[in-house]
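Numbering (the UniProt record's numbering), first residue to last: 1 to 766.
This report concerns only the one structure given below.
Right, here's the structure in full:
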């Protein structure tokens, strides 16, 4: 009370003596009661101090509390346990000691660690003890993350080094960790002496600071697993060859993982062989840890010996690991390999193939969308491609594998010149062989879903080569790669200049719905002189398809008929025979179209296109009829001219004959020698006879039949003596004229007789 009133503590005794006796006794009783409580707190201090390294905590705590008495405290005696005394009493020392004891234990709670960090602010024993406790190897990583004041730590460590020689080694350890610098002078000497300390913990701490291999190897064999692991980490950081030898001979998975996490990038010789030796012994083969460590150095930068070790391990161990691990290692081994991977990389490719083959189809299919699987696809060889062919026929794998192969060029981030061609080769490898029919629908779906951009050309080229080389697969190719049909057709047109050959190649294998487009491409811009040759395969194709696909076929025939009709109406004589054949063929085709039921895909079109064809049929028939009429008229005119010319010749001969007779001199009485007459040439037809030739047209005349009349005219054309010819046929000049006139009139009336006369007269005579 007096102290809180501002009375000097050194004058308290004198002031108490001046107080009344009752009040003095009351103050003394209160002080005694408070000091008794201090005594109980000192029990806790003595108990905790035994677990600490420094000595004198009881005296220091007693002096501190004596300076702070009296405290504000309730008059009654607390019935709470001793731990409850810490709350009403304004003294932190018991809490500090308890926290420091917990920190020395190596696994302090967050509250204890915070309390120990607060102890660093103390200038006395508590701050020094906190510096030693916070820098122990088990606690220091956590204290360092808590942003401890390194400068204050170093100061407290120096204070311990100067005041407590028996703790010089521990103080040196604390200073080295606080400063992060190598020890020198007295501190270095203390650490070296600590290597020989009887306490194993001190020896280990000094070995950690000095990176002493002997001390760390000794600690590595300790029964304390945490200490052994810390020793391994420290030895791994310095690349201890002896540690690697131990690991190779008897190390387990924990041993190897601990070492892997601390190995330097430039590991000492023998590191890889030691790690792989442990991998061969343990389950899981340390796959995850090995991969994390291996990624520090590209596979291509390893020495040939190291790559060979990795290749052997991949074939022996990696092939038996899950495909996820195998694909991850392949990604590392194949990185930066370009278009020409190293030979050792093939071992990882084989390991991935083996690992994938051991997995069930559903799990295997889940690997296909990964980028790592795309790398695998880029590197597979013919043997691995056969496995892909097997997998693609498994239901869970079909669509994911096809999608992975098609997207290979766009997903591969290296070897741009390699990936598209490899993707095309793999696609054809999946296509070839048995079971192709099960791939048609999934492949068509994958092709429609894939947007390959500029990479499509390589795949289309591969499909086109397959289309050319395997005629038996053409129909399936056009079904599976239907989205690329236009591009394939363009390649067909570029490779084959003959449109008929292209049509004959495509229509049997393409979808029936495409027949009209094929016919249109064949005849739409066909030269008129080549149209006849192009129409013939159209009618043949229609004969084959009409029963199953009536409306598509009639549409195709309609396109061809329209072109044919146009050519006929333009007066192309070469198409008349084709038009006649089409007119005779169309009725049967029409009946078959009407009799056939349209397919489901054709039911959307209500027309059968027969009406369009019938219009062209009518136009062609009318054109042909008009042409026949013109030809008949032309023949009649020609025959009429020929008969008239013959009659004129006869009349001319008669006039000449009569003129010669008139001009001839009267016969002389004396005998004259007449020149001999040329023999008369009589002719007979050299060809077969017809009934019209022997039909009696003038029963009372000398020229009764067409044969007689034609023979007379033919004889006149080859003999010079017309009178002799008349005499041979029993004719005079007068009768010849009358009968020739009668025959001319008859030939004009009877066209068939005139046609036969022309044929007979122009035919052979002997």
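Note that beta-carbon positions come from the ideal geometry of N, C-alpha and C, so glycine has one too.
These numbers were taken from a predicted model, which means no experiment stands behind them.
Practice prompt. Return the chain-ordered ranges of every alpha helix (DSSP H) run that is complete within the region 343-371 and spans a minimum of 4 residues.
Written response: Along the length of the region 343-371, whole alpha helix (DSSP H) runs at least 4 residues long occupy 345-358 and 361-367, reported in chain order.
Worksheet item: Quick one: what's got a C-beta closer than 8 Å to residue 763's C-beta in the same chain, skipping five residues either side?
Response: The answer, listed in chain order, is 685, 686 and 687.
Item to complete: Run the CB neighbour count on residue 568, radius 10 Å, all protein chains shown included, and call it buried at 16 or more, exposed below.
Response: Buried is the call here.
Practice prompt. Determine the extent of the alpha helix (DSSP H) in which residue 593 is found, giving its start and end residues.
Written response: From DSSP, the alpha helix (DSSP H) with residue 593 extends over 576-595.
Fill in: Residues near residue 457 by beta carbon distance below 7 Å, same chain, minus five either side
If the five residues before and after residue 457 are omitted, its C-beta is found closer than 7 Å to no C-beta atom of its own chain.
Item to complete: Using the DSSP secondary-structure output, state which residues sit across from residue 710 in a beta bridge.
Response: DSSP, once it has assigned bridges, lists no residue as partnering residue 710.
Worksheet entry | Contact set for residue 255: own chain, Cβ-Cβ below 6 Å, skip 5 residues either direction | Here the set comprises 247.
Worksheet item: Considering only the beta carbon of each residue, do residue 466 and residue 428 sit closer than 8 Å?
Response: Yes; because the gap between Cβ atoms is below 8 Å, this pair is in contact.
Item to complete: Just the C-alpha distance for residue 421 and residue 551, rounded to the nearest angstrom, thanks.
Response: Here the alpha carbon of residue 421 sits roughly 42 Å from the alpha carbon of residue 551.
Item to complete: Grab me the residues of residue 328's own chain with a C-beta within less than 7 Å of its C-beta, minus the 5 sequence neighbours each way, in chain order.
Response: So the qualifying residues of the chain are 291 and 372.
Discussion item. Is residue 723 a contact residue of the ligand ZN, with contact defined as CB to any heavy atom under 7 Å?
Written reply: Looking for the ligand ZN in the displayed structure turns up nothing, as the structure carries no ligands at all.
Discussion item. Tell me which residues share the same chain as residue 670 and place their Cβ nearer than 8 Å to its Cβ, disregarding the 5 neighbours each side in the sequence.
Written reply: Model confidence at residue 670 stands at a pLDDT of 45, short of 50, so the residue's coordinates are unreliable; what they give is reported in the following sentence. Apart from sequence neighbours up to five positions away, no residue of its chain approaches residue 670 with a beta-carbon distance below 8 Å.
Fill in: the region 534-546 contacting the region 497-508, beta-carbon criterion three pairs below 8 Å
Touching, yes, given that three or more Cβ pairs across the two stretches are closer than 8 Å.
Item to complete: Specify whether the region 344-355 and the region 304-317 touch according to this definition: at least 3 beta carbon pairs, one from each stretch, less than 8 Å apart.
Response: As far as the Cβ criterion goes, the region 344-355 touches the region 304-317, which means the pair count is three or higher.
Worksheet item: In or out: residue 616 buried (at least 16 other Cβ within 10 Å) or exposed?
Response: A residue is called buried once 16 or more other Cβ atoms fall within 10 Å of its Cβ, and residue 616 is buried on that count.
Item to complete: State buried or exposed for residue 135, treating a residue as buried only when at least 16 other CB atoms are found within 10 Å of its CB.
Response: Answer is buried; the Cβ neighbour count reaches 16.
Worksheet entry | Residue of 223, 633 and 218 minimising C-alpha distance to residue 234 | Each of 223, 633 and 218 was checked against the Cα of residue 234, and the nearest Cα belongs to 218.
Worksheet item: Going by the CB atoms, is the gap between residue 251 and residue 278 shorter than 8 Å?
Response: One thing to note: residue 278 has its Cβ within 8 Å of the Cβ of residue 251.
Discussion item. Looking at the strands, I want to know which residues DSSP matches up with residue 705.
Written reply: DSSP, once it has assigned bridges, lists 696 as partnering residue 705.
Worksheet entry | Option nearest residue 156 by Cα separation, candidates 253, 396 and 168 | Between residue 156 and the set 253, 396 and 168, the nearest pair of CA atoms involves 168.
Practice prompt. Can you have a look at residue 184 and say buried or exposed, based on whether 16 or more other CB atoms are within 10 angstroms of its CB?
Written response: By the Cβ neighbour-count rule, residue 184 is exposed, with fewer than 16 other Cβ atoms within 10 Å of its own.
Worksheet entry | Own chain, CB closer than 8 Å to residue 446, minus 5 neighbours either side, in chain order | Here the set comprises 399, 402, 403 and 406.
Worksheet entry | Minimum C-alpha distance to residue 154 - residue among 178, 468 and 242 | For the residues 178, 468 and 242, the minimum Cα distance to residue 154 belongs to 178.
Item to complete: Check residue 765 in the structure and name its three-state DSSP category.
Response: Residue 765: strand per DSSP, three-state reduction.
Worksheet entry | Inter-residue Cα distance where the pair is residue 565 and residue 524 | Distance between the alpha carbons of residue 565 and residue 524 is about 12 Å.
Worksheet item: What residues are listed by DSSP as bridge partners for residue 685?
Response: Its beta-bridge partners are 765.
Discussion item. Using 8 Å for Cβ pairs, my map puts residue 391 next to residue 364. What's the rounded Cβ distance?
Written reply: About 7 Å; that satisfies the 8 Å criterion.
Worksheet item: Nearest-angstrom Cα distance between residue 320 and residue 357?
Response: Between the C-alpha atoms of residue 320 and residue 357 there is a straight-line separation of about 10 Å.
Practice prompt. For residue 123, count neighbouring Cβ atoms within 10 angstroms of its own Cβ and tell me buried if that reaches 16, exposed if not.
Written response: Per the 10 Å Cβ criterion, exposed.
Item to complete: Quick one: using the 10 Å Cβ neighbour count with 16 as the cut-off for buried, is residue 729 buried or exposed?
Response: Counting other Cβ atoms within 10 Å of its Cβ, residue 729 reaches 16 or more and is therefore classed as buried.
Discussion item. Suppose the cutoff is 6 Å on Cβ atoms and the five residues either side in sequence are ignored; what does the same chain contact list for residue 484 look like?
Written reply: Once the five neighbours on either side are set aside, the close Cβ partners of residue 484 are 460.
Worksheet entry | Backbone CA spacing between residue 497 and residue 601 [nearest angstrom] | Approximately 32 Å, taken between the alpha carbons.
Item to complete: Helix, strand or coil for residue 164, going by three-state DSSP, please let me know.
Response: Secondary structure of residue 164 (DSSP, three-state): coil.
Item to complete: Quick one: give me the first and last residue of the alpha helix (DSSP H) that residue 737 is part of.
Response: The continuous alpha helix (DSSP H) containing residue 737 extends over residues 733-749.
Discussion item. Measuring alpha carbon to alpha carbon, tell me which residue in 284, 395, 367 and 408 is nearest residue 377.
Written reply: It is 408 whose Cα lies nearest to the Cα of residue 377.
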